[in-house]
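Asker: Structure below; questions to follow.
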Amino acid sequence: MIHWDEIVIFVALGLFVTGVGFAAGRWRHGDLDLIEEWGLAGRRFGTIVTWFLLGGDLYTAYTFVAVPALVFGSGALGLFALPYTIIVYPLVFLIMPRLWQVARNRGYVTASDFVKDRFDSRTLALLIALTGILATMPYIALQILGIAVVIQALGINIEAALIIAFLVLAVFTYVSGLRAPALIAIVKDTMIWITVIAAIVVIPAKLGGFGAVFAAVPVAKLTLPPSLFAGYSTLALGSALALFLYPHAVTGTFASKSQHVIKRNAAFLPAYSFLLGLIALLGYMAIAAGIKPVAPYGANSVVPQLFQFAFPSWFAGFALAAIAIGALVPASIMSIAAANLFCRNIYREYIRPDVTPREEAQVAKIASLVVKVGAVGFILIPGLTQYAITLQLAGGAWILQTLPAVFLALYVPWLGGRHGERHVLARCQWFQQLPDRLSDRRRGWDEAVHRLRRVRPQHRGGGGLERDRTDGGGDAGGARAERRGLRAAAVPGQQRIGRESRASGDGLI
Amino acid sequence: MGRRRWVALVLVIPFIAVLWPPFYAALQPEWQGIPYFIWYQFLWAIISAALTVAVYRVQDGGESR
Numbered sequence: 025m026i027h028w029d030e031i032v033i034f035v036a037l038g039l040f041v042t043g044v045g046f047a048a049g050r051w052r053h054g055d056l057d058l059i060e061e062w063g064l065a066g067r068r069f070g071t072i073v074t075w076f077l078l079g080g081d082l083y084t085a086y087t088f089v090a091v092p093a094l095v096f097g098s099g100a101l102g103l104f105a106l107p108y109t110i111i112v113y114p115l116v117f118l119i120m121p122r123l124w125q126v127a128r129n130r131g132y133v134t135a136s137d138f139v140k141d142r143f144d145s146r147t148l149a150l151l152i153a154l155t156g157i158l159a160t161m162p163y164i165a166l167q168i169l170g171i172a173v174v175i176q177a178l179g180i181n182i183e184a185a186l187i188i189a190f191l192v193l194a195v196f197t198y199v200s201g202l203r204a205p206a207l208i209a210i211v212k213d214t215m216i217w218i219t220v221i222a223a224i225v226v227i228p229a230k231l232g233g234f235g236a237v238f239a240a241v242p243v244a245k246l247t248l249p250p251s252l253f254a255g256y257s258t259l260a261l262g263s264a265l266a267l268f269l270y271p272h273a274v275t276g277t278f279a280s281k282s283q284h285v286i287k288r289n290a291a292f293l294p295a296y297s298f299l300l301g302l303i304a305l306l307g308y309m310a311i312a313a314g315i316k317p318v319a320p321y322g323a324n325s326v327v328p329q330l331f332q333f334a335f336p337s338w339f340a341g342f343a344l345a346a347i348a349i350g351a352l353v354p355a356s357i358m359s360i361a362a363a364n365l366f367c368r369n370i371y372r373e374y375i376r377p378d379v380t381p382r383e384e385a386q387v388a389k390i391a392s393l394v395v396k397v398g399a400v401g402f403i404l405i406p407g408l409t410q411y412a413i414t415l416q417l418a419g420g421a422w423i424l425q426t427l428p429a430v431f432l433a434l435y436v437p438w439l440g441g442r443h444g445e446r447h448v449l450a451r452c453q454w455f456q457q458l459p460d461r462l463s464d465r466r467r468g469w470d471e472a473v474h475r476l477r478r479v480r481p482q483h484r485g486g487g488g489l490e491r492d493r494t495d496g497g498g499d500a501g502g503a504r505a506e507r508r509g510l511r512a513a514a515v516p517g518q519q520r521i522g523r524e525s526r527a528s529g530d531g532l533i
Numbered sequence: 091m092g093r094r095r096w097v098a099l100v101l102v103i104p105f106i107a108v109l110w111p112p113f114y115a116a117l118q119p120e121w122q123g124i125p126y127f128i129w130y131q132f133l134w135a136i137i138s139a140a141l142t143v144a145v146y147r148v149q150d151g152g153e154s155r
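Going down the list, the protein sequences come from chains W and V.
First residue of the first sequence? That's 25 in my numbering, and the numbers climb one at a time after it.
First residue of the second sequence? That's 91 in my numbering, and the numbers climb one at a time after it.
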């Protein structure tokens with residue numbers, strides 16, 4: 025059955041938003057043929073726009089389709105999204121301003137830029153870039169799936185819905201770059217707020233109040249059995265740690281104009297967490313309303329159906345458009361971010377080092393299309409889309425692998441790399457000098473060293489620090505320190521590196 | 091910048107509160123028919139939002155952007 029009245033509203037809103045998108049291309053004049061302009065909007069976004077941009081990153085088809093679907097199907101486990109969003113902003117508050125500052129000082133556009141410089145390793149940077157692109161694809165797939173599920177609810181067959189969802193996203197992103205999602209995010213969030221407020225007022229009222237909703241849900245779905253405790257909290261923690269490693273979150277952060285903008289956003293974005301929780305409860309409301317999932321994407325279809333069940337058709341059209349646009353905007357941001365990564369850290373690094381800025385922007389636009397095609401590939405993998413959230417979890421598990429190289433490296437100075445070497449060296453020397461400092465006061469030290477030395481061969485395989493500590497005070501240790509000193513003096517670049525890492529260290533403060 | 095860094099430690103509280111399900115994986119006490127498991131987490135969404143705003147105000151509030 026095709027819902028024509030809903031389709032009319034849906035298409036009208038879609039056209040309006042697309043119009044905003046095209047207008048956005050001309051917003052705050054910038055040359056869209058340059059990648060910093062197309063992909064980072066010239067790093068000029070203030071608090072308000074960044075708010076909508078980062079809010080747009082998180083409140084997606086994940087929120088509207090995937091989480092309620094999991095709550096509908098599995099009950100309390102799906103509510104892990106709530107602790108996830110509760111802890112994600114404190115993390116952002118603590119970590120991202122620092123990353124932004126480093127990126128600003130050294131002109132980084134992607135996390136991979138940072139890794140390349142920090143570890144002085146093109147290979148690691150390439151792996152970070154590839155991981156970012158790969159992990160983004162299933163997340164975009166989730167958005168496309170969300171749009172397709174909504175279009176299907178309008179009465180259009182699912183294959184056509186999938187194609188429409190893909191085309192709209194592709195054209196939209198290709199034309200306007202990051203400016204379009206930022207401006208549209210404002211429209212989108214307004215629509216989402218209206219929809220959510222209507223949903224949490226109208227739907228429980230229709231079902232007899234929140235009490236009645238929870239009374240209608242099987243008790244087993246209302247709380248967590250002990251066997252799921254570990255899964256619940258690790259899902260929340262893992263998702264929270266992963267979110268701001270995604271290329272699109274990094275892009276959104278780098279596009280803001282100061283640390284304060286980021287901190288202010290991290291302080292005020294938690295206001296959204298409550299909203300997300302309410303949306304998750306739509307899964308329970310769908311159970312109470314007796315919604316039946318439809319093929320082929322099962323539980324993922326319950327929220328659009330719930331809206332059609334509870335709202336008059338004109339408002340159902342509005343609400344469905346809100347979900348679809350709410351998926352479109354982040355998908356667009358994600359594909360731009362993945363394209364940025366490809367362009368800077370793979371194309372320019374390995375394929376054409378002398379690429380012109382104009383060609384770079386062109387390549388990024390094409391890459392963003394390719395990423396979307398990859399995303400559709402994920403949708404077509406059977407089994408992955410039973411619960412759409414699987415797509416997001418897969419992406420999260422992959423991107424989480426970059427955490428040590430990106431976040432830890434920001435805080436742990438001696439973690440590998442050329443900057444790291446200096447710190448490890450300093451630390452080793454400190455340990456080597458330690459016995460000298462102590463021997464004046466402690467006569468027993470030599471004996472202790474000898475005792476340690478006797479067990480040294482067993483420590484051979486251990487960490488460098490451990491080994492140097494046991495060497496300390498002995499002739500071997502001294503000789504080694506001397507060799508180190510000579511080597512340091514013999515490398516002409518050493519002085520320069522030292523200064524450079526000090527400079528970047530200043531940036532960290 | 092870097093002023094009153096220790097204040098940020100307050101942000102650890104929400105982690106403890108929500109990452110340890112034994113604290114809240116229960117149906118009782120209900121509030122207005124809403125199970126404890128659910129209202130506890132919504133309550134922490136509010137508390138956590140208040141804490142981040144408070145830390146921001148203490149650390150950065152006085153400075154212009």
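Yeah, the Cβ is synthetic: ideal placement off N, Cα and C, and Gly gets one too.
1. Since alanine 144 of chain V is in the alpha helix (DSSP H), which residue starts that stretch and which ends it?
2. Provide the residue span of the alpha helix (DSSP H) that contains alanine 421 of chain W, from first to last.
3. Can you tell me whether phenylalanine 113 of chain V is buried or exposed? The criterion is at least 16 other CB atoms within 10 Å of its CB, across all chains shown.
4. Less than 8 Å separating the beta-carbons of aspartate 150 of chain V and lysine 281 of chain W?
5. What is the residue span of the alpha helix (DSSP H) that phenylalanine 234 of chain W lies within?
6. Can you name the residues that DSSP bridges to tryptophan 121 of chain V?
7. Specify whether the stretch 166-176 of chain W and the stretch 81-96 of chain W touch according to this definition: at least 3 beta carbon pairs, one from each stretch, less than 8 Å apart.
8. So phenylalanine 431 of chain W contacts chain V; which residues on that side make the cut at Cβ distance below 7 Å?
9. 8 Å is my cut-off, CB to CB: does leucine 193 of chain W come that close to chain V?
10. Can you tell me whether tyrosine 146 of chain V is buried or exposed, with buried defined as 16 or more other CB within 10 angstroms of its CB?
11. Between which two residues does the alpha helix (DSSP H) carrying tyrosine 256 of chain W extend?
12. Please return the same chain residues whose Cβ sits closer than 8 Å to the Cβ of valine 100 of chain V, not counting the five positions on each side in sequence.
13. In chain V, which residues lie with their C-beta within 8 Å of the C-beta of phenylalanine 268 of chain W?
14. Of the choices W:Ala348, W:Asp378, W:Leu330 and W:Gly131, whose alpha-carbon is the least far from that of alanine 222 of chain W?
15. Starting from the C-beta of alanine 177 of chain W, find all residues in its chain whose C-beta is less than 7 Å away, skip the five residues before and the five after it, and write them out in chain order.
16. Out of W:Val41, W:Thr134, W:Ser263 and W:Leu427, which has the shortest C-alpha to C-alpha gap to asparagine 369 of chain W?
17. CB-CB under 8 Å to leucine 150 of chain W, same chain, minus the five flanking residues each way: which ones, in chain order?
18. Thinking just about the alpha-carbon of each residue, which of W:Ala85, W:Tyr83, W:Thr109 and W:Phe40 is nearest to the one in tryptophan 134 of chain V?
19. Interface residues of chain W around proline 112 of chain V at Cβ under 7 Å?
20. Check the C-beta distance from lysine 389 of chain W over to alanine 363 of chain W and give it rounded, since I have them as a contact under 8 Å.
21. With a 10 Å radius around its C-beta and 16 neighbouring C-beta atoms as the bar for buried, classify glycine 485 of chain W as buried or exposed.
22. Comparing the C-beta of leucine 101 of chain W with each C-beta of chain V, is any distance below 8 Å?
23. Say whether chain W places a C-beta atom closer than 8 Å to the C-beta of tryptophan 96 of chain V.
24. Starting from threonine 247 of chain W, find everything on chain V with Cβ-Cβ shorter than 7 Å and list it in chain order.
25. On the premise that valine 395 of chain W lies in contact with isoleucine 164 of chain W, defined as a C-beta separation below 8 Å, what is that separation, rounded to the nearest angstrom?
26. Give the interface partners of leucine 106 of chain W over in chain V, defined as CB-CB distance under 7 Å, in chain order.
27. Taking the straight line between their C-alpha atoms, what separation do you get for serine 525 of chain W and methionine 120 of chain W?
28. With a 10 Å radius around its C-beta and 16 neighbouring C-beta atoms as the bar for buried, classify alanine 254 of chain W as buried or exposed.
29. Using only the alpha-carbon positions, how far apart do arginine 142 of chain W and isoleucine 124 of chain V sit?
30. Does chain V have any CB closer than 8 Å to the CB of tyrosine 163 of chain W?
31. Applying a beta-carbon distance threshold of less than 9 Å, which residues of chain B neighbour leucine 434 of chain W?
32. Could you give the residue range of the alpha helix (DSSP H) that holds glycine 99 of chain W?
33. Looking at the unbroken alpha helix (DSSP H) that takes in proline 294 of chain W, where does it start and where does it end?
34. Strictly under 8 Å for the Cβ-Cβ distance: is valine 143 of chain V near chain W by that measure?
35. For tyrosine 113 of chain W and chain V, any beta-carbon pair shorter than 8 Å?
36. On the criterion of 16 or more Cβ atoms from any shown chain inside 10 Å, does glutamate 384 of chain W qualify as buried, or is it exposed?
Answerer: In short, the structure shows the following:
1. In the second sequence, the residue the question calls residue 144 of chain V occupies position 54. Per DSSP, alanine 144 of chain V belongs to the alpha helix (DSSP H) from 126-150.
2. The residue labelled residue 421 of chain W in the question sits at position 397 within the first sequence. Counting along the chain, the alpha helix (DSSP H) containing alanine 421 of chain W begins and ends at 413-423.
3. Sequence index remark: in the second sequence, residue 113 of chain V carries index 23 (1-based). Exposed: under 16 other Cβ atoms inside 10 Å.
4. Counting from 1 along the second sequence, the entry for residue 150 of chain V is found at position 60. Counting from 1 along the first sequence, the entry for residue 281 of chain W is found at position 257. Going by C-beta atoms, aspartate 150 of chain V is not nearer than 8 Å to lysine 281 of chain W.
5. In the first sequence, the residue the question calls residue 234 of chain W occupies position 210. Note, phenylalanine 234 of chain W: alpha helix (DSSP H), 233-240.
6. Within the second sequence, the letter at position 31 stands for residue 121 of chain V. Note: tryptophan 121 of chain V sits in a beta bridge opposite V:Ile124.
7. yes
8. On the first sequence, position 407 is the one that residue 431 of chain W refers to. Those do not exist, as phenylalanine 431 of chain W stays about 16 Å from chain V at its closest Cβ, beyond 7 Å.
9. Residue mapping note: residue 193 of chain W aligns to position 169 of the first sequence, counting from 1. No, leucine 193 of chain W lies away from the interface with chain V (no Cβ there is under 8 Å from its Cβ).
10. Residue 146 of chain V sits at position 56 when you count from the first residue of the second sequence. Buried, by the Cβ-count rule.
11. Here residue 256 of chain W is taken as the residue at index 232 of the first sequence, counted from 1. Note, tyrosine 256 of chain W: alpha helix (DSSP H), 253-267.
12. Translated into the one-based positions of the second sequence, residue 100 of chain V becomes position 10. Same-chain partners within the cutoff: Leu141, Ala144 and Val145.
13. Working through the first sequence from its first residue, we reach residue 268 of chain W at position 244. What phenylalanine 268 of chain W touches in chain V: nothing, since even the nearest Cβ is about 15 Å away.
14. Along the first sequence, read from residue 1 onward, the residue named residue 222 of chain W stands at position 198. Measuring from the Cα of alanine 222 of chain W, the nearest candidate turns out to be W:Leu330.
15. Residue mapping note: residue 177 of chain W aligns to position 153 of the first sequence, counting from 1. Result list for alanine 177 of chain W: Ser325, Pro328, Gln329, Gln332 and Leu344, in chain order.
16. The residue you call residue 369 of chain W lines up with position 345 of the first sequence. It is W:Thr134.
17. For the purposes of this step, residue 150 of chain W is taken as the residue at position 126 of the first sequence. Same-chain partners within the cutoff: Ser136, Asn369, Ile370, Glu373 and Tyr374.
18. The residue labelled residue 134 of chain V in the question sits at position 44 within the second sequence. Nearest C-alpha to tryptophan 134 of chain V: W:Thr109.
19. The residue you call residue 112 of chain V lines up with position 22 of the second sequence. Going along chain W in sequence order, the residues near proline 112 of chain V (Cβ under 7 Å) are Phe253.
20. Residue numbering aside, residue 389 of chain W sits at position 365 when the first sequence is read from its first letter. Residue numbering aside, residue 363 of chain W sits at position 339 when the first sequence is read from its first letter. Contact holds; Cβ gap of about 7 Å.
21. Along the first sequence, read from residue 1 onward, the residue named residue 485 of chain W stands at position 461. Any reading at glycine 485 of chain W must be qualified, since the residue scores a pLDDT of 41, below 50, and its modelled position is unreliable; the value itself is stated next. Its Cβ having fewer than 16 others within 10 Å, glycine 485 of chain W is exposed.
22. For the purposes of this step, residue 101 of chain W is identified with residue 77 of the first sequence, where counting begins at 1. For leucine 101 of chain W, the answer is no, since every Cβ of chain V falls outside 8 Å of its Cβ.
23. Mapped onto the second sequence, residue 96 of chain V falls at position 6. Not one chain W Cβ lies under 8 Å of tryptophan 96 of chain V.
24. Here the question's residue 247 of chain W lines up with position 223 in the first sequence. Within chain V, the residues near threonine 247 of chain W are Ala115, Ala116, Leu117, Pro125 and Phe127.
25. On the first sequence, residue 164 of chain W is found 140 positions in, with the first residue counted as 1. On the first sequence, residue 395 of chain W is found 371 positions in, with the first residue counted as 1. Their Cβ separation, rounded to whole angstroms, is 7 Å, which keeps isoleucine 164 of chain W and valine 395 of chain W in contact under 8 Å.
26. The residue you call residue 106 of chain W lines up with position 82 of the first sequence. The contacting residues are Gln131 and Ala135.
27. Translated into the one-based positions of the first sequence, residue 525 of chain W becomes position 501. Translated into the one-based positions of the first sequence, residue 120 of chain W becomes position 96. Reliability of the predicted coordinates at serine 525 of chain W is poor, the pLDDT of 39 falling under 50, and no value is obtained from them.
28. The residue labelled residue 254 of chain W in the question sits at position 230 within the first sequence. Exposed, by the Cβ-count rule.
29. Residue numbering aside, residue 142 of chain W sits at position 118 when the first sequence is read from its first letter. Residue numbering aside, residue 124 of chain V sits at position 34 when the second sequence is read from its first letter. When rounded, the distance between both Cα atoms is 50 Å.
30. Position 139 of the first sequence, counting from 1, holds the residue named residue 163 of chain W. No, tyrosine 163 of chain W lies away from the interface with chain V (no Cβ there is under 8 Å from its Cβ).
31. This model lacks chain B altogether; the protein chains it does include are W and V.
32. On the first sequence, residue 99 of chain W is found 75 positions in, with the first residue counted as 1. Premise fails: glycine 99 of chain W is in no alpha helix (DSSP H) and is neither H nor E.
33. On the first sequence, position 270 is the one that residue 294 of chain W refers to. Neither: proline 294 of chain W is in no alpha helix (DSSP H) and is coded neither H nor E.
34. On the second sequence, residue 143 of chain V is found 53 positions in, with the first residue counted as 1. True, the Cβ-Cβ gap to chain W drops below 8 Å.
35. Locating residue 113 of chain W in the first sequence gives position 89, where the first residue counts as 1. Yes, tyrosine 113 of chain W lies at the interface with chain V (some Cβ there is under 8 Å from its Cβ).
36. Locating residue 384 of chain W in the first sequence gives position 360, where the first residue counts as 1. So glutamate 384 of chain W ends up on the buried side.
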